[in-house]
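Chains as they are written, first to last, in numbering that gives the first Met the number 0: chain G, 0 to 417; chain F, 0 to 271. Even glycine gets a Cβ: it sits at the ideal position worked out from N, Cα and C.
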Amino acid sequence: MTTSLPPLPEPVRKDPQKKTPSALIPPSARSRLGMRLSAEAARGRFRLPHCNACNQPVWPPREACPACLSSLQWRDADATGTLIAETTLETSPELYFRERTPWRVGTVDLAGGVPVMAHLHAQCRIGDTVTLRLFLDKADRAVFMAFSDLDSPDLREDIQLRELTNDPRHRRVLITDARTPAGVALAKAMTKAGAKRIFAGIGDAWKRDAAIEALEGMETVSTVPLDLTDTRSVEELCGEIGGKVDILVHNAEQVRPGGVMAGRGIADAKQLHEKLVFGFMRLAESFGPVMRSRGADGVNAATAWVNLLSVYAHANWPAYGQHSAAHAATLSLAQCLRGEMQGSGVRVMNAFAGPLEQDWHDQVLPPKVTADRLAREIVGALQGGQQDVYIGDVARDVAERFEDDAKLLEMELAGDGQ
Amino acid sequence: MSADNATDNATDHPDTVAILAGLAAGLASAEIKIVDLTHRLDPDFPIIVLPPEFGQCAPFRMEEISRYDARGPAWHWHNISLGEHAGTHFDAPIHWISGRDLPNNTTDTLPVQKLVGQVCVIDCEAESDADDDYEMGVDKIAAFEAEHGEIPAQSWVLMRTGWSRRRGADYINLRADGAHSPGPDAAAVRFLVEQRDIIGFGTETVGTDTGQAVHSDPPYPAHYILHGAGRYGLQCLANLDQLPPTGAILVAAPLKIRQGTGSPLRVLALIP
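If you want it as structure tokens, here you go:
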């Protein structure tokens with residue numbers, strides 16, 4: 000029986016006489032081997048090194064199995080264990096934890112007899128059977144967190160969990176291209192997840208359509224003029240609401256089929272890059288610094304910058320070659336932004352999808368990702384604190400093949416188009 | 000022609016010297032007024048909406064190069080980008096397939112003598128207020144001529160609809176079946192070209208044709224007929240209500256773009 004938790008405090012309006020706290024990060028030094036755990040956590044996985052001979056998980060990571068000296072391989076691990084010790088930090092020489100005490104940590108005995116130090120969800124008690132999850136902390140380094148009941152209705156009331164995730168609850172979200180099926184679905188999903196306010200960016204407001212009407216009909220949504228191809232428009236909106244954007248979703252999309260030879264020409268490609276690639280840069284120039292400065296701004300601090308990307312950003316799909324190229328460029332910029340956001344407490348999350356269920360993919364066979372599913376999984380990944388999320392079967396398949404052998408994937412895509 | 004010859008020619012025609020001197024005096028004293036018929040080039044000024052599978056005209060955009068800062072300490076300047084047919088703009092005959100083989104049909108080759116000329120303004124505001132899809136017919140031109148005299152050859156003709164006072168969604172007036180805005184019908188354009196030998200035709204709307212002109216016969220009759228006959232188009236004009244029905248002079252010079260099909264421009268009118 001898990002104890003119920005009091006609800007998280009609702010964010011209050013800022014005291015204008017108080018300094019906005021500086022973003023601090025927990026200790027970030029890791030060996031390259033230790034960083035591997037962060038790379039797993041970034042993708043929402045629970046993988047540990049296992050001995051190839053005795054098949055036991057090994058922690059902390061080593062070069063060889065400490066029992067039999069055999070080689071190790073990272074693979075999915077059993078995440079169940081027992082909480083055998085706990086303590087509450089009341090003080091710490093680390094500035095980050097000093098501001099956040101009291102802080103509960105404990106030791107979990109993983110099923111294989113491996114002791115693991117973990118952050119504790121408030122509902123965990125000594126002796127509980129717990130499930131471990133990997134999260135990235137504010138330094139983008141992997142940490143374990145133990146849960147006694149992942150299905151608890153109070154799960155997300157835990158302040159330590161909130162610190163490790165990017166939950167939309169109580170937060171204000173900017174959807175940069177809201178006049179798309181994904182934009183409308185995101186507004187709904189964010190609202191459902193408890194977002195306080197959604198700013199829905201509308202380009203070419205002089206074109207009315209059903210999407211605008213749907214958005215205007217939602218109580219949490221404020222439509223705002225935002226044209227990602229227009230620097231002034233982005234600057235003006237940032238001037239108005241920059242300090243209120245806790246989660247920014249760059250979901251601009253302009254799918255067009257065609258490669259580079261019999262494609263749709265330079266004019267179309269320019270338009271696509273203006274929106275996706277330069278649109279990203281305009282957002283980064285305006286909103287980026289403001290978000291970076293608000294990474295520790297209380298319960299509703301700036302927390303995440305989300306990019307909606309094609310999985311073919313990893314390897315070009317010639318049937319939609321121009322589109323793949325624009326997404327590859329955006330992915331590269333997102334990696335750059337991630338570097339620049341280091342230490343700010345703002346996570347840069349990339350959501351990769353395969354073909355979406357929309358008009359410009361009408362000649363593509365299923366499975367295709369619906370807008371609702373896309374939005375739901377983006378919200379889920381924010382709640383899970385992931386850096387990368389792959390949505391739908393196609394995206395997962397392409398990601399797996401990319402990780403397995405990027406060159407082989409490139410050759411496969413060149414060969415049959417999918 | 001050398002400068003000396005030009006002077007000699009002018010001396011041969013003292014009337015034109017006197018006319019220009021009169022014009023200069025009128026401008027200096029502001030007895031001849033200049034009216035700006037141009038919208039501001041703004042990033043959010045509507046452009047024509049085509050089905051998304053077609054190529055699209057780029058709207059006006061502006062990026063800062065420097066602003067008295069590290070990028071250029073003492074100067075401020077921009078890079079701009081836009082389609083030839085964005086904002087208040089000029090259509091050259093090559094813009095339309097009917098005019099593609101005509102001589103001197105591009106912005107860099109068209110005869111500059113045609114870019115300044117007298118202008119007639121046909122007031123269709125009442126009709127356009129009553130009907131978004133109003134089509135100006137020959138009867139309307141006949142009524143104009145009955146009141147103001149025959150449209151002189153080599154004139155510009157502008158259709159005044161009040162549309163330039165509309166903003167945003169009301170301007171382009173999109174519905175599920177496309178844009179709805181007034182313009183001329185095919186017979187009217189044919190009449191102006193064949194019977195009145197106009198230089199060109201201009202509107203306050205986003206095109207010289209009606210919003211629904213794709214359904215006309217021929218489709219886009221103003222574009223088809225005007226440009227097929229080597230005449231010019233002006234669209235997205237403003238302030239037509241400040242012009243007299245006749246007697247003004249229009250100045251409409253597009254940028255000299257190599258093989259240009261049109262150009263944004265500043266359109267001015269001289270009024271008595």
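- request: With DSSP as the reference, label Ala17/F as helix, strand or coil.
  value: Three-state result, Ala17/F: helix.
task: Flag Glu149/F as yes if its beta-carbon sits less than 9 Å from any beta-carbon of chain G, otherwise no.
output: Glu149/F does not count as touching chain G.
message: I need the DSSP call for Asp122/F, collapsed to helix, strand or coil.
response: Three-state result, Asp122/F: strand.
message: In the DSSP output, what is Ile33/F paired with across the bridge?
response: For Ile33/F, which the question treats as bridged, DSSP gives the partners Leu269/F.
message: Under DSSP, the beta strand (DSSP E) around Phe200/F begins and ends at which residues?
response: Gly199 to Thr202
task: List the residues of chain G that Ile171/F touches, going by C-beta distances under 8 Å, in chain order.
output: Trp205 and Lys206
task: Count the other C-beta atoms from every protein chain shown that fall within 10 angstroms of the C-beta of Val233/G, then say buried if there are 16 or more, exposed otherwise.
output: buried
message: My assumption, with CB atoms under 8 Å, is that Val213/F sits in contact with Ser180/F. Please give the rounded CB distance.
response: That belief does not hold up - the Cβ atoms of Val213/F and Ser180/F are roughly 13 Å apart, past 8 Å.
- prompt: Under three-state DSSP, which class holds His84/F?
  reply: His84/F carries a coil assignment under DSSP once its states are collapsed to helix, strand and coil.
- request: For the alpha helix (DSSP H) holding Ile140/F, just list the boundary residues, first then last.
  value: Following the DSSP letters along the chain, one finds Ile140/F inside the alpha helix (DSSP H) bounded by residues Val137 to His147.
query: Hey, does Ala138/G have any beta-carbon neighbour from chain F nearer than 9 Å?
result: no
Near-chain G residues of the stretch 23-46 of chain F (beta-carbon distance less than 8 Å), N- to C-terminal order: Pro42, Asp43 and Pro45
- prompt: Which of helix, strand or coil does DSSP assign to Asp403/G?
  reply: helix
message: Assuming contact is defined by CB atoms lying nearer than 9 Å, are Cys50/G and Ser69/G in contact in what I supplied?
response: yes
field: Nonlocal neighbours in the same chain, by C-beta distance under 8 Å from Asp403/G, ignoring five residues either side
entry: none
- request: Could you check if Met260/G is buried or exposed, using at least 16 other CB atoms within 10 Å of its CB as the buried criterion?
  value: exposed
- prompt: Within this structure, are the beta carbons of Ala251/G and Leu307/G separated by less than 9 Å?
  reply: At a Cβ-Cβ threshold of 9 Å, Ala251/G and Leu307/G count as neighbours.
query: If you drop the 5 nearest sequence neighbours on each side, which residues of the same chain put their C-beta closer than 6 Å to that of Lys40/F?
result: The question names Lys, but residue 40/F in the sequence shown is Leu. Excluding residues within five positions, the ones whose Cβ falls inside 6 Å are Phe59 and Gly86.
query: Relative to the alpha-carbon of Tyr170/F, which residue among Ala204/G, Thr190/G and Val11/G has its alpha-carbon at the smallest distance?
result: Ala204/G
- request: Spatial neighbours of Tyr219/F within its chain, please: CB distance less than 7 Å, with the 5 preceding and 5 following residues excluded, ordered by chain position.
  value: Asp208, Ala212 and Val213
- request: Have a look at Cys119/F and Ile270/F and give me their C-alpha separation to the nearest angstrom.
  value: 12 Å
- prompt: Where do the N-terminal and C-terminal ends of the beta strand (DSSP E) with Phe277/G fall, by residue?
  reply: No beta strand (DSSP E) holds Phe277/G; the alpha helix (DSSP H) holding it covers Gly264 to Ser292.
- prompt: Looking at chain F, which residues of the stretch 255-276 of chain G have a Cβ within less than 9 Å of any of its Cβ atoms?
  reply: Under the 9 Å Cβ criterion, the stretch 255-276 of chain G contributes Arg255, Arg263, Gly264, Ala266, Asp267, Lys269, Gln270 and Glu273.
task: Compute the beta-carbon to beta-carbon distance between Gly54/F and Asp267/G, rounded to the nearest angstrom, for a pair I have assumed lies under 8 Å.
output: 7 Å
query: Would you call Asn54/G buried or exposed, if buried means 16 or more other Cβ atoms sit within 10 Å of its Cβ?
result: With fewer than 16 Cβ atoms within 10 Å of its Cβ, Asn54/G is classed as exposed.
message: Since Ala325/G and Gly353/G should fall inside the 8 Å C-beta cutoff, what is the C-beta to C-beta distance between them, to a whole number of angstroms?
response: With a Cβ gap of about 16 Å, Ala325/G and Gly353/G do not count as contacting.
- prompt: By how many angstroms is the C-alpha of Phe89/F removed from the C-alpha of Gln234/F?
  reply: 7 Å
message: Within 10 Å of its beta-carbon, does Trp304/G have 16 or more other beta-carbons around it, so buried, or fewer, so exposed?
response: buried
field: Local conformation of Leu336/G per DSSP, three classes
entry: helix
message: Taking 9 Å as the threshold (beta carbon to beta carbon), is Val194/F in contact with chain G?
response: The residue you asked about is not Val; residue 194/F is Gln in the sequence shown. False, the Cβ-Cβ gap to chain G never drops below 9 Å.
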